[in-house]
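Peer 1:
Protein chains in written order, with our numbering: chain A, 13 to 428; chain B, 3 to 204.
1. List the residues of chain B whose Cβ lies closer than 8 angstroms to the Cβ of residue 94 (chain A), in chain order.
2. Reducing DSSP to helix, strand and coil, say where residue 208 (chain A) ends up.
3. Does the beta carbon of residue 4 (chain B) come closer than 8 angstroms to any beta carbon on chain A?
4. Could you pull the start and end residues of the alpha helix (DSSP H) that residue 182 (chain A) belongs to?
5. Between the Cα of residue 100 (chain A) and those of A:108, A:91, A:133, spot the shortest distance and give me the residue it belongs to.
6. Rank A:280, A:340, A:79, A:365 by C-alpha distance to the C-alpha of residue 330 (chain A) and give the top, closest one.
7. Check each residue of the stretch 131-151 of chain B: if its Cβ is closer than 7 angstroms to any Cβ of chain A, include it; give the result in chain order.
8. May I have a chain-ordered list of the beta strand (DSSP E) segments no shorter than 3 residues that lie completely inside the stretch 78-140 of chain A?
9. Just to confirm my understanding: we take residue 185 (chain B), look at its own chain, exclude 5 residues before and 5 after, and list those with CB closer than 6 angstroms. What are they?
10. Under 8 angstroms Cβ to Cβ from residue 373 (chain A), same chain only, skipping five residues before and after it: list those, please.
11. Would you say residue 441 (chain A) reaches chain B, if we count a Cβ-Cβ gap shorter than 8 angstroms as a contact?
12. Classify residue 238 (chain A) as buried or exposed, calling it buried when 16 or more other Cβ atoms lie within 10 Å of its own Cβ.
13. Counting only Cβ pairs nearer than 8 angstroms, list the residues of chain A close to residue 180 (chain B).
14. Could you check what DSSP says for residue 61 (chain B) in three-state terms: helix, strand or coil?
15. Is the distance from the Cβ of residue 148 (chain B) to the Cβ of residue 171 (chain B) below 8 angstroms?
16. Tell me which same chain residues have a C-beta within less than 6 angstroms of the C-beta of residue 281 (chain A), skipping the five on either side of it?
17. Below 8 angstroms on C-beta distance, what does residue 74 (chain A) contact in chain D?
18. List the residues of chain B that residue 284 (chain A) touches, going by C-beta distances under 7 angstroms, in chain order.
19. Which residues in the same chain as residue 122 (chain B) place their Cβ atom closer than 6 angstroms to its Cβ, once the five residues preceding and following it in sequence are excluded?
20. Start and end of the alpha helix (DSSP H) containing residue 31 (chain B)?
21. Check this for me: beta carbons of residue 35 (chain B) and residue 142 (chain B), under 8 angstroms apart or not?
22. In chain order, what residues of the same chain lie with their CB nearer than 7 angstroms to the CB of residue 40 (chain B), ignoring the 5 residues before and after it?
23. What's the gap between the Cα of residue 198 (chain A) and the Cα of residue 160 (chain A)?
24. Which residues of chain B have a Cβ atom closer than 9 angstroms to the Cβ of residue 78 (chain A), listed in chain order?
25. When burial is assigned at 16 or more other CB atoms within 10 Å of the CB, is residue 229 (chain A) buried or exposed?
26. Examine chain B for any beta-carbon lying closer than 8 angstroms to the beta-carbon of residue 86 (chain A), and answer yes or no.
27. Use the C-beta contact count for residue 171 (chain A): other C-beta atoms within 10 angstroms, 16 or more gives buried, fewer gives exposed.
28. According to DSSP, simplified to helix, strand and coil, what is residue 23 (chain B)?
29. Under the rule that 16 or more other beta-carbon atoms within 10 Å means buried, what is residue 327 (chain A), buried or exposed?
30. Compute the Euclidean distance between the alpha carbons of residue 55 (chain A) and residue 53 (chain B), then round it to the nearest angstrom.
31. Can you tell me which of A:69, A:266, A:342, A:387 puts its alpha carbon nearest to the alpha carbon of residue 151 (chain A)?
32. Can you grab the Cα-Cα spacing for the pair residue 260 (chain A) / residue 306 (chain A), in whole Å?
33. Kindly indicate which residue of A:50, A:264, A:41 has the alpha-carbon position closest to the one of residue 291 (chain A).
Here it is in structure tokens:
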């Protein structure tokens with residue numbers, strides 16, 4: 013395995029030495045003709061500017077129009093607003109199709125399986141679509157085609173942005189990742205392996221935070237004083253069981269509340285800028301404290317499960333280091349059997365920007381279960397951005413419990 | 003400010019920056035200049051700075067003001083005129099157009115007409131008049147109807163110079179489509195060059 017790691021790193025380092033300006037070209041990069049690194053520390057992890065962009069309904073705050081290189085096709089001139097309600101309110105569509113693609117291939121090394129080295133080429137092909145539809149409406153869709161020929165509509169939602177004229181009030185309708193998840197698979201996770209705390213289930217087929225949900229989410233952000241930090245909140249109601257068709261009448265509810273001290277404003281700056289910063293834009297000296305909760309009723313294998321999750325998280329940025337942790341307590345109450353399962357899930361991660369194209373990550377994941385044995389895992393990883401839109405990732409999952417299982421994965425990830 | 007006469011009216015367009023110099027018989031040599039900052043839009047193109055009114059004064063409307071329809075756009079996109087001005091609306095396109103305005107300041111509908119036909123509208127009240135085409139939803143334009151001939155089209159960079167303005171105290175107004183307009187009271191003295199800046203937001 014050491015040989016694999018060394019070879020991969022050498023290849024990546026060689027490629028990264030090649031000259032040329034790296035440009036990412038998915039939908040937003042095309043729209044603004046800017047690099048992925050404008051919004052991402054490295055794909056998919058958003059930097060503070062990228063978070064503000066997302067929080068503004070996929071618009072660059074405070075003056076999106078100034079940065080759009082391919083203007084929207086107007087569906088009616090803005091002056092048609094004056095004719096409403098005797099005419100349809102004007103809208104807009106992107107000047108070019110807001111579509112992007114992602115393909116990634118994995119080499120998985122697992123000594124405990126029959127095939128110790130497995131080429132999963134490709135592991136996944138994704139079609140991404142995202143953009144704005146005139147004032148106050150945006151959308152995002154993601155279709156995943158995996159190596160098992162499985163097609164999954166991972167996300168597809170419409171968002172009503174800045175309902176009262178600021179990012180303090182927004183509404184999502186569709187299938188999405190709930191904001192109760194403090195460290196998103198889509199915007200935060202750098203490793204191929206997921207946060208154990210996100211994917212842990214008390215029962216097969218039961219609830220976990222990794223699931224995409226169908227429902228409504230009302231959320232908002234407000235930048236704090238001096239254009240720094242600020243508050244974020246979200247409340248939502250979702251199907252819970254099954255993203256498309258619920259298997260019980262009960263709905264699940266969740267909330268999220270966080271406050272960021274210092275750093276870039278969560279809704280961006282109110283000061284207009286002429287430039288989109290490309291250097292050191294991963295730095296955002298700040299601390300964010302958050303709390304989240306989720307309560308629902310599931311129906312798994314014919315057994316009802318009243319469950320809840322409640323926890324908190326801390327996200328610290330200090331120069332090139334990002335330390336983050338999230339901890340939550342969970343309970344699944346299987347009323348039919350009278351059995352309750354309690355557990356505590358923890359993830360602690362340190363990300364370090366060695367170079368703008370080289371990242372080191374180490375994460376400790378654990379689930380402490382009251383009735384059965386605990387699960388503990390350490391995941392060291394390296395991410396090398398050989399281009400702004402191409403990355404190589406190597407991660408190693410080392411389980412600390414009795415099984416001593418380990419698994420390594422090498423991923424080549426391309427967005428275009 | 004002395005009486006302005008139409009005889010002394012000299013209108014000159016100053017290129018893309020937009021601007022009108024009024025050579026006024028016995029006019030003040032004062033100037034108002036400054037910068038309009040347009041927040042939330044690409045640039046200040048199409049913004050207008052004008053003296054809103056000069057009580058007790060009346061001004062003759064200009065003649066030969068034209069809002070053409072060419073290549074499925076109104077030309078120009080913004081047309082400032084003095085109250086009472088008659089504007090011609092020729093159709094220079096190969097397709098038919100239907101110019102109308104939903105504006106309470108001047109509500110009208112010229113109906114659908116082909117190339118070569120010109121229709122006319124007199125703008126008899128001050129205010130902003132939106133123009134739309136009932137055939138082509140993407141077309142729009144504005145007629146900025148002012149009570150005085152003291153107006154200037156602002157350049158993309160937001161700078162403007164309003165020459166030969168009258169002395170005294172009055173209200174200066176900046177307007178741009180999609181932004182909230184702004185008014186500032188100014189006092190201008192003979193021969194002065196006054197700087198007045200505006201910041202327009204959505």
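Ideal Cβ positions, reconstructed from N, Cα and C, are used throughout, including at glycine. Just so we're clear, the structure is a prediction, and the values are computed from it rather than from any experiment.
Peer 2: Reading off the structure:
1. Chain B residues near residue 94 (chain A): 104, 105, 132.
2. helix
3. Because residue 4 (chain B) carries a pLDDT of 34, less than 50, the predicted location of this residue cannot be relied on, and no value is offered for it.
4. Not the alpha helix (DSSP H): residue 182 (chain A) falls in the beta strand (DSSP E), residues 182-188.
5. A:91
6. A:365
7. 132, 134, 139, 140, 141, 142
8. Every beta strand (DSSP E) of 3 residues or more that sits fully in the stretch 78-140 of chain A is shown, in chain order, as 85-87, 103-105, 111-121.
9. 173, 175
10. 202, 203, 361, 362, 363, 364, 391, 392, 393, 394, 395, 407
11. The structure shown has nothing for residue 441 (chain A), since chain A only spans 13 to 428.
12. exposed
13. Result: 90.
14. Here residue 61 (chain B) sits in coil by DSSP.
15. Taking 8 angstroms as the Cβ cut-off, residue 148 (chain B) and residue 171 (chain B) do not qualify as a contacting pair.
16. 239
17. This model lacks chain D altogether, as its protein chains are A and B.
18. 41
19. The residues are 88, 90.
20. No residue range can be given for residue 31 (chain B), since it is assigned to no alpha helix (DSSP H) and is classified by DSSP as neither H nor E.
21. Taking 8 angstroms as the Cβ cut-off, residue 35 (chain B) and residue 142 (chain B) do not qualify as a contacting pair.
22. 46, 49, 160, 178, 181, 202
23. 21 angstroms
24. 42, 43, 44, 45
25. buried
26. yes
27. buried
28. With a pLDDT of 37 at residue 23 (chain B), under the threshold of 50, the predicted position of this residue should be treated as unreliable, though the coordinate-derived value follows. Three-state result, residue 23 (chain B): coil.
29. buried
30. 53 angstroms
31. Measuring from the Cα of residue 151 (chain A), the nearest candidate turns out to be A:69.
32. 17 angstroms
33. A:50
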